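Residue 326 in this note's numbering sits at position 208 of the sequence shown, with consecutive numbering throughout.
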Amino acid sequence: MRLIPFQNWKRWKIRTLFLISAIVAFPTTFYALSYYTDIIMFEKYGHLISNRVVWSVDTDEKVVAFTFDDGPNETYTPQLLDILAHKEAKATFFLLGKHVEKYPEIVKRIHSEGHEIGNHSFKHSFLPLYTKSYVKRQIESTSALIEKTVGTMPIYFRPPMGLFTPSMLDAISESGMTAVVGEVYPRDPYNPGTDKIVERVMSRIEPGSIIILHDSGTFGKVDRSQTIEAVSIIIDRLRDQGYRFLTVRELIGLNGR
């Protein structure tokens with residue numbers, strides 16, 4: 119499993135201060151680049167941090183995990199579930215608590231069709247700005263809602279925008295969860311075009327990849343039609359290459375974790 123080592127946080131603190139400044143000055147640009155910033159930082163400084171964040175899984179098997187953030191959405195999540203059912207592919211949905219409250223029947227459908235449910239916080243706040251106790255409330259209130267809705271507690275947490283601090287990672291582990299980000303992110307919320315989403319995923323994919331996509335959003339008008347179209351194409355292309363599609367739990371389980 120590809121994890122971030124936990125030894126020297128000096129560079130991570132500098133990065134976090136930079137990102138806080140960026141979100142204040144350029145919020146839209148910051149949001150678009152946030153997952154990629156973590157991926158770039160991992161490539162450069164990943165050896166500095168240990169056993170706290172899952173980015174991918176080391177395996178020779180042709181397996182990947184599709185993950186979808188910010189849902190459920192009343193329009194796009196059912197469309198996505200239809201495609202996954204038709205293609206016989208499993209995925210992991212990192213849900214927002216506020217959307218779980220609003221669309222419990224869709225959450226139940228996700229669960230009943232064999233997909234995994236993860237925690238993506240309650241409101242999608244910029245958590246690096248908040249205290250550890252606030253982060254824990256965001257995590258634990260969402261986990262409680264998910265358990266109330268489908269009868270099982272999530273075990274994986276994806277930080278909003280893929281951003282985290284040492285304090286956040288403490289809050290995640292103290293809440294009994296494992297932090298999961300991912301390395302393949304095509305920036306689909308900004309609707310670059312179906313072909314571009316497909317191209318960005320296919321150019322980065324490798325055995326053990328965790329793919330970050332979105333079936334909903336957190337502000338403004340949400341259009342995930344390009345993502346929905348791209349998922350169908352990506353599944354077909356990866357399957358042609360011999361790939362299978364696992365939940366995050368199944369993927370991590372390959373390494374006995």
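Note that beta-carbon positions come from the ideal geometry of N, C-alpha and C, so glycine has one too. No experiment lies behind these values; they were computed from the predicted model shown.
{"Asked": "Val302 vs Arg276 beta-carbon contact at 7 Å", "Found": "no"}
{"Asked": "For Leu364, the three-state DSSP class (helix, strand or coil)", "Found": "coil"}
{"Asked": "Bridge partner(s) assigned by DSSP for Val349", "Found": "Paired residue(s): none; Val349 is not in a bridge."}
{"Asked": "DSSP bridge partner residues for Tyr274 (one or two, in chain order)", "Found": "Thr296"}
{"Asked": "Paired residues, beta bridge with Thr210 - DSSP", "Found": "Thr185, Glu234"}
{"Asked": "Nearest to Thr207 (by Cα), restricted to the options Asp187, Ser334, Asn237, Ile351", "Found": "The sequence shown places Ala at residue 207, rather than the Thr named in the question. Answer by Cα proximity: Ile351."}
{"Asked": "At least three beta-carbon pairs within less than 8 Å, the region 329-346 to the region 184-199", "Found": "yes"}
{"Asked": "Lys205 beta carbon less than 7 Å from that of Ile353", "Found": "yes"}
{"Asked": "Residue range of the unbroken beta strand (DSSP E) whose run includes Val171", "Found": "171-174"}
{"Asked": "Any 3 or more C-beta pairs closer than 8 Å across the region 284-294 and the region 253-265", "Found": "yes"}
{"Asked": "Given Gly269 as reference, the closest of Arg318, Asn373, Asp358, Glu234 once Cα atoms are compared", "Found": "Glu234"}
{"Asked": "Proximal residues to Lys226 (C-beta, below 8 Å), its chain only, five neighbours per side dropped", "Found": "Thr267, Val268"}
{"Asked": "Cβ pair Tyr361, Val172 closer than 7 Å", "Found": "no"}
{"Asked": "As assigned by DSSP and simplified to three states, the class of Ser259", "Found": "helix"}
{"Asked": "Local conformation of Ile323 per DSSP, three classes", "Found": "coil"}
{"Asked": "Inter-residue spacing [alpha-carbon to alpha-carbon] between Asp358 and Asp306", "Found": "23 Å"}
{"Asked": "Leu364 to Met295 span [Cα, whole Å]", "Found": "19 Å"}
{"Asked": "Any non-hydrogen atom of the ligand ATP within 6 Å of Ala262 CB", "Found": "This structure does not include the ligand ATP; it has no bound ligands of any sort."}
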